[in-house]
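In our numbering, the protein residues as written are 34 to 210. Every residue, glycine too, gets a C-beta built ideally from N, C-alpha and C. A quick note: this is a predicted structure, and the numbers were derived from the prediction, not measured.
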Amino acid sequence: ANFPGEDNVIQIGDSILVQALVNIPAEQVGKVFWQPDSLGCDTCLTAIFTPQLSTYFSVLVTDINGCSAEDRELVVVNKQYNVYIPNVFSPNGDGANDRFMIFAGKEVKEVQSFKVFTRWGEPVFEDAGFQPNNPAHGWDGTFRGQPMNNAVFAYFAEIEMVDGQVVVFKGDVVLMR
């Protein structure tokens, strides 16, 4: 058994389809042993793998006559966290950029907390335990039901990644009506 191509590089949170290539008819394959075991069944020549860390995976294929072949391949997991928090928004009701929100890729498991403060430290918005890319969890530029004036605000966000790491993001955002 062998794997086609070179080692693979994937982004954290991505899955990779691995396939064991054999030079015998499929009906002559007896057992297929994948490592790590989480890769799946003992008769499948393909498996889906979602590693959290760079790791080797291997396959041992044994035919119905007891002959076996083995191969292994490295999957490199790129831990670049794709999180984007804008530095300006315009809650003027035009349907474009009306909410200050967190954008992220599939490497984000959850936004644990998201807070916005005035420059004097007064909290004006807070939300927790939500998925990114959802306008319902963004700030609309109001405080106690009243629109805030143009100003610079500070934000603080704690974001949990799929690998369990919690990353803090903080910065400033300009509210511009």
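Helix, strand or coil at residue i [DSSP, three-state]
| i | result |
| --- | --- |
| E140 | coil |
| E155 | coil |
| P84 | coil |
| A53 | coil |
| D47 | coil |
| A187 | strand |
| Q68 | strand |
| Q198 | coil |
| Q145 | strand |
Neighbour-count burial assignment, residue i, 16 or more Cβ in a 10 Å radius
| i | result |
| --- | --- |
| Y188 | buried |
| P124 | buried |
| P180 | exposed |
| A53 | buried |
| P237 | Residue coverage of the chain in this structure runs from 34 to 210, which leaves residue 237 outside it and unanswerable. |
| L208 | buried |
| V199 | exposed |
| P156 | exposed |
| V211 | No statement about residue 211 is possible, as the shown extent of the chain runs from 34 to 210 and does not include it. |
Bridge partners - residue i, DSSP secondary structure assignment
| i | result |
| --- | --- |
| T175 | P180 |
| R105 | S91 |
| Y117 | F136 |
For residue i, the nearest candidate out of the options (CA to CA)
| i | options | result |
| --- | --- | --- |
| V195 | V116, A102 and R132 | V116 |
| V141 | C77, V207, V51 and G197 | G197 |
| N56 | D70, F186 and T95 | T95 |
| V144 | W153, R152, V121 and G162 | G162 |
Legend entry - Sufficient close CB pairs (3 or more, under 8 Å) joining the segment 60-67 to the segment 83-103: yes
Inset, instruction - Would you check if there are 3 or more beta carbon pairs closer than 8 Å linking the segment 164-172 to the segment 128-135? - result: Because the criterion of three Cβ pairs below 8 Å is met, the segment 164-172 and the segment 128-135 touch.
Inset, instruction - Would you check if the segment 100-109 and the segment 43-60 touch, i.e. whether three or more CB-CB distances between them fall below 8 Å? - result: yes
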